[in-house]
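Report on one structure; see the data block that follows.
Protein chains in written order, with the UniProt record's numbering: chain A, 1 to 276; chain B, 1 to 80.
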């Protein structure tokens, strides 16, 4: 069964907020609200580092670290368990979603979410431009809303907007139940953490830190799960599906590169293109 | 960065204050919401089963919302 999840390489994240902006645009998120944002660790403000510049020949302690955060689409989601009207639910593919027609705005789910990933529409939502943005209808006043892993895109075979628009290739989306998927390979190969693991929520977002991964080039506008023969680590020349039945059983010319600890960071190929 | 509407990570010892603030002004029972939120995390932790959680709050949820559609309902559970 499909079980969608996300890997975020914090060593690749440059804190540019492109994921936050593209999420806001794609999902028609109202003014003043964010479903997805990049937190800064250390400094007092969003763009200030911790520590200080070197003084008097010292080494200094300047440091800037980023923590991209959104709904973690938990396996054991407390928000789902508390919803008295079953407005918050887990789809068969693991995505936690809200039925806005059912939501009564009790905010019990917000209180139960350890990640503060949900926002409440206190007022009539305002969009800029007024007609809204992206491909998702605006949610009404008085409901709770949050990241959906761009389920409307996933249903069309597309990666979430934050993944496609990450200029650092720091985000990888795919099927956690498929051992051959890139997300699974990354989780197996790299040291990954889940946020607030002690809560037992088993988030489907995994964070790489300590060692930079090769990153994942956007090979096309289709999700990897629909491109069986695409190597996510190829140099771009092999980034097209081969003809069905045309595989070489000898394995020569195989396109699947292994992830090496000293692999070069990915440099996006010119013209590889997103989908928007 | 301190806007309670925005996602961030909250240390467990500060969670209760934030949860209380989130529920402030809600037209439903805020104290019930706080208790259920706390126990929902205990369910995630494995300290409480889905069935125990459901039964513990079923009467109160029914009284407050007039329905109890939580997915934690055990098989064969009598709604009445």
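Here a beta-carbon is modelled for each residue, glycine too, at the ideal position from N, C-alpha and C. Owing to the predicted nature of the structure, the values given are computational and were not obtained by experimental measurement.
query: May I have the straight-line CA-CA distance separating residue 69 of chain B from residue 147 of chain A, to the nearest angstrom?; result: 23 Å
query: Output needed in chain order: residues of the region 178-211 of chain A with a Cβ under 9 Å from some Cβ in chain B.; result: 195, 196, 198, 199, 200, 201 and 202
query: Along the region 102-131 of chain A, what residues have a CB closer than 9 Å to any CB found in chain B?; result: 102, 104, 105, 106, 107, 108, 109, 110, 111, 112, 113, 114, 115, 116, 117, 118, 119, 120 and 122
query: Any chance the region 43-53 of chain A sits against the region 180-199 of chain A, with 3 or more Cβ pairs inside 8 Å?; result: no
query: Near residue 64 of chain A, what residues of its chain come up, given a Cβ to Cβ distance below 6 Å and the 5 sequence neighbours on each side ignored?; result: 49
query: Based on Cα-Cα distance, which residue from A:112, A:129, A:169 and A:17 lies nearest to residue 32 of chain B?; result: A:112
query: For residue 50 of chain A, write down the residues that DSSP places opposite it in a beta bridge.; result: A:63
query: Measure from the C-beta of residue 81 of chain A to each C-beta in chain B and report whether the shortest distance is under 8 Å.; result: yes
query: Which one or two residues does DSSP pair with residue 193 of chain A in a beta bridge?; result: A:207
query: For residue 34 of chain B versus residue 21 of chain B, is the C-beta spacing smaller than 8 Å?; result: no
query: Mapping the DSSP letters down to three states, classify residue 37 of chain A as helix, strand or coil.; result: strand
query: Tell me where the beta strand (DSSP E) around residue 5 of chain A begins and ends.; result: 4-9
query: List, in order along the chain, the chain A residues whose C-beta lies closer than 8 Å to that of residue 37 of chain B?; result: 78, 82, 108, 111 and 112
query: Mind checking if residue 163 of chain A is an interface residue toward chain B, Cβ cutoff 8 Å exclusive?; result: no
query: For chain B, is any of its Cβ atoms less than 8 Å away from the one on residue 86 of chain A?; result: yes
query: Which class does residue 157 of chain A belong to by DSSP, given the choice of helix, strand or coil?; result: coil
query: Mind listing, in chain order, the continuous beta strand (DSSP E) runs of no fewer than 3 residues lying wholly within the region 65-111 of chain A?; result: 65-69, 88-90 and 96-98
query: Tell me whether residue 171 of chain A sits in a helix, a strand or coil according to DSSP, three-state version.; result: strand
query: Using a Cβ cut-off of 8 Å, pull out every chain A residue sitting near residue 33 of chain B, in sequence order please.; result: 82, 106, 107, 108 and 111
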